[in-house]
Every structure is written in C-alpha cells, then in structure tokens.
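If you read the protein sequences in the order shown, they are chains S and A.
Residue numbering for the first sequence follows this note's numbering, beginning at 1 and increasing consecutively.
Residue numbering for the second sequence follows this note's numbering, beginning at 1 and increasing consecutively.
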Amino acid sequence: MNEMIYGMPFSEYQARPELNHSSLKNLFPPNTPLDYAWHKNNPKPKTAAMEFGTALHTAVFEHDKFAETVIVMPDFDRRTKVGKEAHAEFMLSSAGKTAISSEEMIACQYILKTAQSHAILGKLLRAENRKYEVSGFFNFEGVACKFRTDFMLPDQHIILDLKTTKRGHERAFKNSVLDFSYHSQAAFYLSAMAEITGESWADFIWIAIESVAPYKIYLYEPDTRWLIEGHKLCTDAIHLYKECLETGIYPSVAEEITILNAPNWIGE
Amino acid sequence: MEIYKRMADASKAIKAIAKDDVNRAQNFKFRGIDAIYNGVHEALATNGIFCVPKVGKIIKEATITTAKGGQGIHLVLEMEYTFFAPDGSCVTATTWGEGIDYGDKCVNKCMSIAHKYALLQIFTIPTDENIDPDAMSHEVVSQKPQARPIAPEKIDRIDDMCRHFAEVSVTPREIEVFLKKPLDSMSDQDFNNLRAIYSEVKAGKPFSEIVASRESAKSKIENM
Numbered sequence: 001m002n003e004m005i006y007g008m009p010f011s012e013y014q015a016r017p018e019l020n021h022s023s024l025k026n027l028f029p030p031n032t033p034l035d036y037a038w039h040k041n042n043p044k045p046k047t048a049a050m051e052f053g054t055a056l057h058t059a060v061f062e063h064d065k066f067a068e069t070v071i072v073m074p075d076f077d078r079r080t081k082v083g084k085e086a087h088a089e090f091m092l093s094s095a096g097k098t099a100i101s102s103e104e105m106i107a108c109q110y111i112l113k114t115a116q117s118h119a120i121l122g123k124l125l126r127a128e129n130r131k132y133e134v135s136g137f138f139n140f141e142g143v144a145c146k147f148r149t150d151f152m153l154p155d156q157h158i159i160l161d162l163k164t165t166k167r168g169h170e171r172a173f174k175n176s177v178l179d180f181s182y183h184s185q186a187a188f189y190l191s192a193m194a195e196i197t198g199e200s201w202a203d204f205i206w207i208a209i210e211s212v213a214p215y216k217i218y219l220y221e222p223d224t225r226w227l228i229e230g231h232k233l234c235t236d237a238i239h240l241y242k243e244c245l246e247t248g249i250y251p252s253v254a255e256e257i258t259i260l261n262a263p264n265w266i267g268e
Numbered sequence: 001m002e003i004y005k006r007m008a009d010a011s012k013a014i015k016a017i018a019k020d021d022v023n024r025a026q027n028f029k030f031r032g033i034d035a036i037y038n039g040v041h042e043a044l045a046t047n048g049i050f051c052v053p054k055v056g057k058i059i060k061e062a063t064i065t066t067a068k069g070g071q072g073i074h075l076v077l078e079m080e081y082t083f084f085a086p087d088g089s090c091v092t093a094t095t096w097g098e099g100i101d102y103g104d105k106c107v108n109k110c111m112s113i114a115h116k117y118a119l120l121q122i123f124t125i126p127t128d129e130n131i132d133p134d135a136m137s138h139e140v141v142s143q144k145p146q147a148r149p150i151a152p153e154k155i156d157r158i159d160d161m162c163r164h165f166a167e168v169s170v171t172p173r174e175i176e177v178f179l180k181k182p183l184d185s186m187s188d189q190d191f192n193n194l195r196a197i198y199s200e201v202k203a204g205k206p207f208s209e210i211v212a213s214r215e216s217a218k219s220k221i222e223n224m
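Structure representation (structure tokens):
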C-alpha cells in the first residue's frame, strides 16, 4: 500500500479515495466530526487566492508547464449579459487550466525571478536530485492516507512546502501556521515519508512568499515543539476519524449552555 | 496558634490546578510537582507559612532488574512536612512517596511525590475539571474519544525504552525533543534508531552531544 509517485497529475491524485491532511484537519479542535462530514460533502469552490497559489506553485516548481497550464483571465463585465456569456465561454474553454489576472501573471514572473536569485531558495531550486510534486500513499495508524508535497530533497530527507501569504514576517506567519494547521501538515507529510521509506524524516521547511508586492520571500523551519504538537493533532484526529467510521456517527458540539467568560481586559 | 487560620487562608487563596502534564508512555494526564509548587507558593508566602520536610523512615527498599539486566532501585519513603506560622505554631503532615529509578534520582522522586500529595490533600486543590457525575450526564455523543487507544505492545515498547534511557539519565521529554515527535507516534525505525543511540550513550557518549550533532534542515541546506 505504501508508495511514492513522482509527477502524478493532480487530477489523478485528487481522484484517489485516501484521506488527506486537508480533510483530516477538519477534525482538529475546535472543529467537530460534523465539520469533517460537512466539508467532505460540500467541497469549497476554488477562490481567486487559491488559483493564484496554484499558478505560483507552477511558476516556481514546474516552470516548463507554466505556459500551457496558466492563462490570463480577461476582464469581463459580469454585470451585463454579454459579459456573463463571455465569462462562461472563457471558463468552458479554459477548463483544467489555472486562470489568473494579468497583474497576478506579472507577479508570478517576478516571484519566479526573485526565487531563482534568492541565496538559499535559488540553491534549493537547482539542487541535484530535487523532486517536485511528489504524491505519496501510506498507512497512518491503520487508515489509508495520501499526501502531495511541492518539493522534496530526498537525499537530505527534507520536505519543503510553498505557502502564499499576505504577510510573511515571523509574527504573522506563526498565526498562519496555527490558523491553517501548517504544523500538523508538516508532521503528516513527515510521517508519510517515514512510513513509505522506512527511514527517519524529521526536517521540514516552509517557503512563505508574500502575495502582495514586493513579494518578499521568507524561509522557516518549524522547531521541535511545532512538530510534536502537529503529530499529536494528527494522531488524535485519525483516531477520532476511525471512531466515526466505525460508529457512523459524526457528532457536533455538545447541546448545552456554556457560560461565556469575558476576557480579563473587559471592564478594567 | 496562628497556623490554623493561616493554613485556612492559604487554602482559600489556592486556585484549581489543571492536569496539564501528560504521561505519554501510559497515556494519562496528571498534575506535575512544578505545577503544584507554582500553584501553592504564593498563597503560602503571602500568609507567612513555610514548610520544613523531614525524611521519616524507609518503608520499602528493593533492588530491581529489568528484562535486559539493567539495575534499579524501588523505594518507598515516609516523609513529614511541618508547616510553621510566624508565631512558631505548626502542623505536621505525614505522607509516603514511592519511586523507581535506574540512576541516582530515586530519593528525589519519592520526596517529590510525597510532597505533592501532602500539598494536594492538605489544601484539597481542585483539578479545574468538571468531574461531578451529575454534570456529565448529558446525552450528546462526546466529541473526542476519552483516551487515544495505543496498542498495549507499543506501550510496553515505549515503557521499556524509557526505562533504558532513564538508566542513562535521559528523560522521555528529551527523547521526544530528539525525535521531534511524541513517544506514541514512534515508528519501528525510530525504535531502531533509539536502540543504537542508547548503546552509544551507555558506552559513554553524552546524549546532549548526539542531539547537538544531529543536523537541522537549516544546517543541512547551508552545508549543501
């Protein structure tokens, strides 16, 4: 069951039934199993920010595919009937491609140059035996799981993940890690690689690229506490997931009245 | 005899102490000695109370041997704790502390446990948990399993490994920090690596040196 595949098309990866981290994190507190079940049955449509993120990943890691998979979306006046029809026609003709604005297209090209000339990231992008878009399928606590990482250095046992963010400085990015559970994602991917390869994997790097000009790039390595906490979140959630699967029950929050304590600074 | 009033005032001032520490090998939560000291120190100091410990007697002392031949001590000590008020009045509590250690920390462990339970019981320090059975009788399905199920054989392996590392004065927390993951998330590969590391430490290489020699992603990349 454990396998790692390089260059698997995303659509093929997406169609696989295994549990991924994005689904698993819907079970992390304060979410409930109901959140997991809801999101599974009601997948969110891709937002413009997500489209830009996809385009940027392609620009940085799969530059040779950029021209054929990323296109500029013309301005449509979707308040008019003609504009609506033109937009619908465009969406139909560009199905399967990533459509971004002309400003975002310029940003992608600028960021690619910045990344390639970055003292450390540039070196990583030129590293021997680097692997992009790695898909993995593995057993995690008895559950069939999958993961897909942007970038990996198998010889060094390092996984790297690109994150677009409005603000990439340390304080802001710490909040992003907590908000989007990047630390549990790192732990999940490292567990996957350990399971697949039978070797120890404990090193992870976040490549945080600001999505607004001047598109600064930050590189972060999670410290031990992030990873330990990330592992705990994943393991607790996977056991909750198994329990829900066995019982067929996806509970919500307790039906009770909770006293909501005011924060300490209120009324002072 | 100020001590009675001062002890009662201190008891009033001591707030609940939650079970924030986790024994990951056996998967239960507890209140560590540091949390207890942090919780009671101010109340005792404010009320002018100080405590004098005295080792009473050895209730039990036995040498133990692990499955792999490691030697340890199993000890039960009787401890007396006398709480004094500024006027010299005092009350004394006697508790027992039990500990097992594979190095030179057995007495420390007994004293810590005896002191912890003396303080917990004298001041009846609540846990900040809702454990009233009547309050728990709602019928909504609980959101989380009560305890993460860990296979008994894995618990045994973790226990065994922790015992071995305790012989060379390496704590479970230090092992977690080295692995960058909780003990119950250890893979077979991690167990194998730790076995090799244990042999090195047993042979005299400091664990801290092994930790320091392990490269971070940052240093690996810088050395590329």
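Backbone N, C-alpha and C define an ideal beta-carbon position, used for all residues, glycine too.
Should residue i go down as buried or exposed, given a rule of 16 or more other Cβ atoms within 10 Å for buried?
| i | result |
| --- | --- |
| S/P33 | buried |
| S/W201 | buried |
| S/Q185 | buried |
| S/T58 | buried |
| S/M73 | buried |
| S/L24 | buried |
| S/W265 | exposed |
| S/E85 | exposed |
| A/F178 | buried |
| S/M50 | exposed |
| S/M91 | exposed |
| S/K7 | According to the sequence shown, residue 7 of chain S is Gly rather than Lys. Classification of S/G7: exposed, given that the 10 Å Cβ count is below 16. |
Helix, strand or coil: which one does DSSP assign to residue i?
| i | result |
| --- | --- |
| S/L260 | coil |
| S/K146 | strand |
| A/F84 | strand |
| S/M4 | strand |
| A/F50 | strand |
| A/P145 | Legend: pLDDT at A/P145 = 46, less than 50; position of this residue unreliable, value from coordinates given subsequently. Coil. |
| S/W226 | helix |
| A/M1 | coil |
| S/T164 | strand |
| S/M152 | strand |
| A/D188 | helix |
| S/A280 | Residue 280 of chain S is absent from the model: chain S starts at 1 and stops at 268. |
| A/G72 | strand |
| S/W206 | strand |
| A/M7 | helix |
| A/A203 | coil |
| S/E141 | coil |
| S/I196 | helix |
| A/D134 | At A/D134, the pLDDT of 43 sits below 50, so the modelled position is not reliable and the matter cannot be decided from this model. |
| A/V91 | strand |
For a cutoff of 9 Å on Cβ pairs, would you count residue i as touching chain S?
| i | result |
| --- | --- |
| A/P149 | yes |
| A/S89 | no |
| A/F207 | no |
| A/N38 | no |
| A/I210 | no |
| A/M1 | no |
| A/D190 | yes |
| A/S185 | yes |
| A/E176 | yes |
| A/A10 | no |
| A/I158 | no |
| A/L120 | no |
| A/I58 | no |
| A/A16 | no |
| A/M235 | Any question about residue 235 of chain A goes unanswered here, given that chain A covers just 1 to 224. |
| A/P152 | no |
To the nearest whole angstrom, what separates the beta carbons of residue i and residue j, a pair I think is in contact under 8 Å?
| i | j | result |
| --- | --- | --- |
| A/T95 | A/I17 | Between A/I17 and A/T95 the Cβ distance is about 17 Å, and since that is not below 8 Å, they are no contact. |
| A/D101 | A/I73 | 6 Å |
| S/Y250 | S/G168 | Wrong, their Cβ atoms sit about 36 Å apart, outside the cutoff. |
| S/I207 | S/D161 | 7 Å |
| S/S181 | S/F28 | 6 Å |
| S/F52 | S/T164 | 7 Å |
| S/Y189 | S/F147 | 5 Å |
| A/I33 | A/K116 | 5 Å |
Any heavy atom of the ligand SAM closer than 8 Å to the CB of residue i?
| i | result |
| --- | --- |
| S/N42 | This structure simply doesn't include the ligand SAM, nor any ligand for that matter. |
Are the C-beta atoms of residue i and some chain A residue less than 9 Å apart?
| i | result |
| --- | --- |
| S/S274 | With chain S covering only 1 through 268, there is no way to say anything about residue 274 of chain S. |
| S/K25 | no |
| S/A187 | yes |
| S/A144 | no |
| S/K195 | This sequence places Glu at residue 195 of chain S; Lys is not what is there. Chain A, which has a Cβ nearer than 9 Å to the Cβ of S/E195, makes this yes. |
Any C-beta of chain S within less than 9 Å: which residues of the stretch 86–110 of chain A qualify?
none
Below 7 Å between beta carbons is the criterion; list the residues of the stretch 155–179 of chain S that meet it against any residue of chain A, in chain order.
Q156 and I158
For the stretch 200–216 of chain S, list every residue whose C-beta sits within 8 Å of some C-beta in chain A, in sequence order.
S200, A202, D203, F204 and I205
By the 7 Å beta-carbon criterion, what residues does the stretch 225–239 of chain S contribute toward chain A?
L227, I228, H231, K232, T235, D236 and H239
Going along the chain, which residues of the stretch 116–127 of chain S sit with their C-beta nearer than 9 Å to a C-beta in chain A?
I120, K123, L124 and A127
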